[in-house]
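Peer 1:
Residue numbers (my numbering): 217 to 737.
1. What does the Cβ neighbour count give for residue 230, buried or exposed, with the cut at 16 atoms within 10 Å?
2. Below 9 Å between beta carbons: does that hold for residue 646 and residue 665?
3. Check the DSSP bridge columns for residue 457 and list the partner residues they point to.
4. Report buried or exposed for residue 383, applying the criterion of at least 16 other Cβ atoms within 10 angstroms of its Cβ.
5. Since residue 225 sits in a beta bridge, which residues does DSSP pair it with?
6. Determine, using beta-carbon pairs with one atom in the stretch 654-674 and one in the stretch 581-599, whether at least three such pairs fall under 8 Å.
7. Cα separation between residue 233 and residue 636?
8. Run through DSSP, which three-state label would residue 688 get?
9. Using the C-alpha atoms, what's the distance from residue 716 back to residue 725?
10. Determine, using beta carbons only, whether residue 501 and residue 620 come nearer to each other than 9 Å.
11. Between which residues of its own chain and residue 198 is the CB-CB distance below 6 Å, once the five residues before and five after are set aside?
12. Please name the residue in 557, 505 and 625 whose C-alpha comes closest to that of residue 683.
13. Run through DSSP, which three-state label would residue 693 get?
14. Put residue 309 into one of helix, strand or coil per three-state DSSP.
15. Contact between the stretch 622-637 and the stretch 527-544 is defined here as three or more beta-carbon pairs at a separation below 8 Å; is this criterion met?
16. Do residue 484 and residue 519 come within 9 Å of each other at the CB atom, strictly closer than that value?
17. Reducing DSSP to helix, strand and coil, say where residue 481 ends up.
18. Please classify residue 605: does DSSP put it in a helix, a strand, or coil?
19. Where does residue 615 land, buried or exposed, given buried means 16+ other C-beta within 10 angstroms?
20. In chain order, what residues of the same chain lie with their CB nearer than 7 Å to the CB of residue 401, ignoring the 5 residues before and after it?
21. Within a Cβ cutoff of 8 Å, which residues of the same chain sit near residue 568, ignoring the five residues on either side of it in sequence?
22. With burial defined as no fewer than 16 other Cβ atoms inside 10 Å of the residue's Cβ, what is the status of residue 727: buried or exposed?
23. Can the beta-carbon of residue 386 be found closer than 9 Å to that of residue 351?
24. Determine whether the beta carbon atoms of residue 433 and residue 592 lie at a separation below 9 Å.
25. Would you mind working out which of 227, 413, 278 and 314 sits nearest residue 302, comparing C-alpha positions?
26. Kindly indicate which residue of 698, 494 and 429 has the alpha-carbon position closest to the one of residue 409.
27. Helix or strand or just coil, what does DSSP make of residue 353?
28. Around the Cβ of residue 318, are there at least 16 other Cβ atoms within 10 angstroms (buried) or fewer (exposed)?
29. Just mark residue 486 as buried or exposed, buried being the case when its beta carbon has 16 or more other beta carbons within 10 Å.
30. Do the stretch 436-444 and the stretch 269-289 touch if we need at least three Cβ pairs shorter than 8 Å?
31. CB-CB under 8 Å to residue 574, same chain, minus the five flanking residues each way: which ones, in chain order?
32. How many angstroms separate the CA atom of residue 345 from the CA atom of residue 537?
33. Is it true that the CB of residue 227 sits closer than 9 Å to the CB of residue 266?
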């Protein structure tokens, strides 16, 4: 697209390959000064690769870039920062053990006589930046003490300290509450009003339509369309992203739950975390777990898997009962047939530097170790890994050599699922399994989840997206302040009733309340 005004950033035929497979091919794009570009595409479409090139993290194999009419070829992130380009990654690049002020000035500390850091000047400047963003915390606060939304704003403060003229946001709302998201959007509007240029990458298409002046769509590493926001609607964006019509967002359920429970939880408690939690999960059932931020959903999942402690209660997996104060250990959980897909796949679910094959094999090494010397049967394991990755439809060039960090978010999530599938569990705990993935990858994960239930497994599906729980689940439990505060069967589900339970509001609902969309059996 050619802009009426000179662009701040112009890309000409930019291309990049990994392991001989093109990640970007001949991308030509202009970003107008003082505007917001919404960049969308499926996982693996090339969005992050393109932004990493602009941000100096990667160097292109082909093509050129211009920034404010001058040649732009950063050799590293430092070059990009000095040129006025800031990249706010999905996984924030902050040091948790340093203060806000230290993070803002890291690598550029003001100096006094004899080379000492001028901490008063650093605090004053940090305070000014925080005030501009309405962050009511001390510059001396450690990053690890901040909420995710506050950390996001500290990253923006860093960009303002560097007087960035181009700021790239990569999936910025992934870990934010609704209130934190609204606050971020207010900041983005303010930055645009100041004349800064923004790139906003997101799988939440309604947010892109709300914020963007122009939109660009990548598919399989190529720019397939771009233009003013007014030329797009969400169906057109989806068609452009996946190359076809997506007639439905959720697959139909293929089976009904059986009567036999595969997981039973009784009186599970840990002071200040969860209180007297009890429920059962049947074979073939997808049981949803909903709650607001801080409700205890993830904490419950971690206790069930044995990562965190409980003071009382028990869980029974396929008839094998374990007390909460003894026997709740991850090793035992894995042997008993429990799988846990964590909400933080990069830090807790994957070894980012290791290969795809090594990640998939990780949980099942013991099962493929020959006795008596416990030597891993690599031939059998390799075949099982290939079968699991094929079932999950993981897209990669070389499973044995390619590091998992090189994959898109959706394919990384499929690797996590493949890892557990190889161990043949009977209970799957999925904590935010579709966070940060596109609509096409979401549909695949929903289909995989339905397939797991259809095979007789039990699935505990934890999500902050009520729409996907309503569409996919047979029952929904609602947590609030560490307790199960409501249970709902598909009759169909009533969205308003579920939200009332999340807010611990048990007042009777209007009998005419509409059922939630997609809740019909």
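Cβ coordinates follow ideal geometry from the N, Cα and C atoms, glycine included.
Peer 2: Reading off the structure:
1. Taking the chain shown and counting its residues from 1, one reaches residue 230 at position 14. Burial call: buried.
2. Numbered from its first residue, the chain shown carries residue 646 at position 430. Numbered from its first residue, the chain shown carries residue 665 at position 449. Taking the C-beta atoms as reference points, residue 665 is found nearer than 9 Å to residue 646.
3. Here the question's residue 457 lines up with position 241 in the chain shown. None, per the DSSP bridge assignment.
4. Working through the chain shown from its first residue, we reach residue 383 at position 167. Buried, because 16 or more other Cβ atoms sit within 10 Å of the Cβ of residue 383.
5. For this step, residue 225 is matched to residue 9 along the chain shown. In the DSSP output, where bridge partners are listed per residue, residue 225 has 247 and 283.
6. no
7. The residue labelled residue 233 in the question sits at position 17 within the chain shown. The residue labelled residue 636 in the question sits at position 420 within the chain shown. Annotation: residue 233 to residue 636 spans about 30 Å, alpha carbon to alpha carbon.
8. Position 472 of the chain shown, counting from 1, holds the residue named residue 688. The DSSP-derived three-state label of residue 688 is helix.
9. Here the question's residue 725 lines up with position 509 in the chain shown. Here the question's residue 716 lines up with position 500 in the chain shown. The predicted position of residue 725 is uncertain, since its pLDDT is 41 and thus under 50; a value taken from the coordinates is nonetheless stated next. So the alpha carbons of these two residues sit roughly 9 Å apart.
10. Locating residue 501 in the chain shown gives position 285, counting from the first residue. Locating residue 620 in the chain shown gives position 404, counting from the first residue. It is not a contact, given that the beta carbons lie outside the stated cut-off.
11. Since the first residue of the chain shown is 217 and the last is 737, residue 198 is not available in this structure.
12. Reading the chain shown from its first residue, position 467 is the one you call residue 683. It is 505.
13. Here residue 693 refers to the residue found at position 477 when the chain shown is read from its first residue. DSSP places residue 693 in strand when its eight states are reduced to three.
14. For this step, residue 309 is matched to residue 93 along the chain shown. The answer is coil: DSSP assigns residue 309 none of H, G, I, E or B.
15. no
16. Here residue 519 refers to the residue found at position 303 of the chain shown. Here residue 484 refers to the residue found at position 268 of the chain shown. Cβ distance < 9 Å, so residue 519 and residue 484 count as in contact.
17. For the purposes of this step, residue 481 is taken as residue 265 along the chain shown, with counting starting at 1. Looking at residue 481 - three-state DSSP - the assignment turns out to be strand.
18. Working through the chain shown from its first residue, we reach residue 605 at position 389. Residue 605 falls in the helix class under three-state DSSP.
19. The residue labelled residue 615 in the question sits at position 399 within the chain shown. Residue 615 is buried by the Cβ-count criterion.
20. The sequence position of residue 401 within the chain shown is 185, counting from 1. Taken in chain order, the residues that qualify are 427.
21. Indexing the chain shown from 1 puts residue 568 at position 352. Closer than 8 Å at Cβ, skipping near neighbours: 562, 619, 620 and 621.
22. Within the chain shown, numbered from 1, the residue matching residue 727 stands at position 511. Per-residue confidence for residue 727 stands at a pLDDT of 36, beneath the threshold of 50, marking its modelled position as unreliable; no derived number is given.
23. In the chain shown, the residue the question calls residue 386 occupies position 170. In the chain shown, the residue the question calls residue 351 occupies position 135. Their beta carbons are not under 9 Å apart, which means residue 386 does not touch residue 351 by this criterion.
24. The residue given as residue 433 occupies position 217 in the chain shown. The residue given as residue 592 occupies position 376 in the chain shown. No.
25. Taking the first residue of the chain shown as 1, we reach residue 302 at position 86. The candidate whose alpha carbon is nearest that of residue 302 is 413.
26. As a working note, residue 409 is residue 193 in the chain shown. Among 698, 494 and 429, the Cα nearest to that of residue 409 is on 429.
27. As a working note, residue 353 is residue 137 in the chain shown. If DSSP states are grouped into helix, strand and coil, residue 353 belongs with coil.
28. Here residue 318 corresponds to residue number 102 of the chain shown, with the count starting at 1. Buried: at least 16 other Cβ atoms inside 10 Å.
29. Residue 486 sits at position 270 when you count from the first residue of the chain shown. When all chains shown are included, residue 486 counts as buried.
30. no
31. On the chain shown, position 358 is the one that residue 574 refers to. These residues qualify, in order along the chain: 567.
32. Stepping through the chain shown from its first residue, residue 345 is reached at position 129. Stepping through the chain shown from its first residue, residue 537 is reached at position 321. Distance between residue 345 and residue 537, taken at the CA atoms: about 55 Å.
33. As a working note, residue 266 is residue 50 in the chain shown. As a working note, residue 227 is residue 11 in the chain shown. Cβ distance < 9 Å, so residue 266 and residue 227 count as in contact.
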